[in-house]
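J.:
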Amino acid sequence: MKNQDLGHLRKSYTKSELTVVDIENNPMSFFKKWFEEASEHPEIEEANAMTLATLGLDDFPKARIVLLKALSVEGFEFYTNYLSEKGLSIAHHAKVGLSFFWPALERQVIIKGEAKKVSGESSTAYFKSRPIGSQLGAVVSEQSKVISDRSILEAKLSALAMEFKDKEIDRPEHWG
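Heads up: the sequence shown begins at -19 in the working numbering, then just goes up one per residue.
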């Protein structure tokens, strides 16, 4: 493959400035302000989309997009299948990075910290707030595992939907 020169791809960033004084007193309050602005911006569809970087079982970094589901003084919450590649990577090495990028505002935020599971009660409360299809998907999906045919997953999902018709779905132990 021939090298492709991308040096001409550049942009001048002129929308706002950021100084240390702006964030030094309370970085979380500052983040919340920026997050609210991103959430209200008409060009930003998912302000809560963030890149999660982990160190995999092979000791190589891996990044993927996840959705921020709660924000507090305790930290940034997202939910996952603990048995997925992401969940196993976090169990292997809990230090993670988060990155929010809002190009319409010419802003990004980078966070580093240690991932910890939220309580079972919090996980269950969030699980129950999800649409039924998402709950069923969390139960049936073996996230990150290769399947031979999508129809297998769809058949499992259909059978589970019939089993839980008019019943409450319990949060799987491997999800939170």
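Every residue, glycine too, gets a C-beta built ideally from N, C-alpha and C.
Three or more beta-carbon pairs under 8 Å between the segment 87 to 95 and the segment 128 to 144, yes or no?
T.: Counting Cβ pairs under 8 Å, fewer than three are found: no touch.
J.: Is the beta carbon of Ala27 less than 8 Å from the beta carbon of Ala18?
T.: As a first step, residue 27 must be located in the sequence shown, where it is residue number 47. As a first step, residue 18 must be located in the sequence shown, where it is residue number 38. Yes, Cβ-Cβ distance for Ala27 and Ala18 is below 8 Å.
J.: With C-beta atoms as the reference, is Lys42 less than 8 Å away from Ser69?
T.: The sequence position of residue 42 within the sequence shown is 62, counting from 1. The sequence position of residue 69 within the sequence shown is 89, counting from 1. In this structure, Ser69 lies closer than 8 Å to Lys42 by Cβ.
J.: What does a CB cutoff of less than 8 Å around Arg44 pick up in its chain, not counting 5 residues either side in sequence?
T.: By one-based count along the sequence shown, residue 44 stands at place 64. The answer, listed in chain order, is Thr31, Leu32, Lys66.
J.: At the level of alpha carbons, what is the spacing between Ile149 and Leu116?
T.: Residue numbering aside, residue 149 sits at position 169 when the sequence shown is read from its first letter. Residue numbering aside, residue 116 sits at position 136 when the sequence shown is read from its first letter. So the alpha carbons of these two residues sit roughly 8 Å apart.
J.: Which one of Gly36, Phe107, His73, Leu48 has the shortest CA to CA distance from Ser79?
T.: Here residue 79 refers to the residue found at position 99 of the sequence shown. Out of Gly36, Phe107, His73, Leu48, Leu48 has the C-alpha closest to the C-alpha of Ser79.
J.: Which runs of the alpha helix (DSSP H), 4 residues or longer, sit entirely within the segment -6 to 60?
T.: Counting whole runs of 4 or more residues, the segment -6 to 60 contains the alpha helix (DSSP H) stretches 0 to 3, 7 to 20.
J.: Under a three-way DSSP split, which group does Leu78 fall into?
T.: The count along the sequence shown starts at 1 and reaches residue 78 at position 98. Reduced to three states, the DSSP call for Leu78 is strand.
J.: Once the 5 residues before and after Arg110 are set aside, which same chain residues still bring their CB inside 8 Å of it?
T.: Locating residue 110 in the sequence shown gives position 130, counting from the first residue. Ala118.
J.: Going by DSSP, name the residue or residues bridged to Ile90.
T.: As a first step, residue 90 is located in the sequence shown; it is residue number 110 there, counting from the start. Answer is Ser79.
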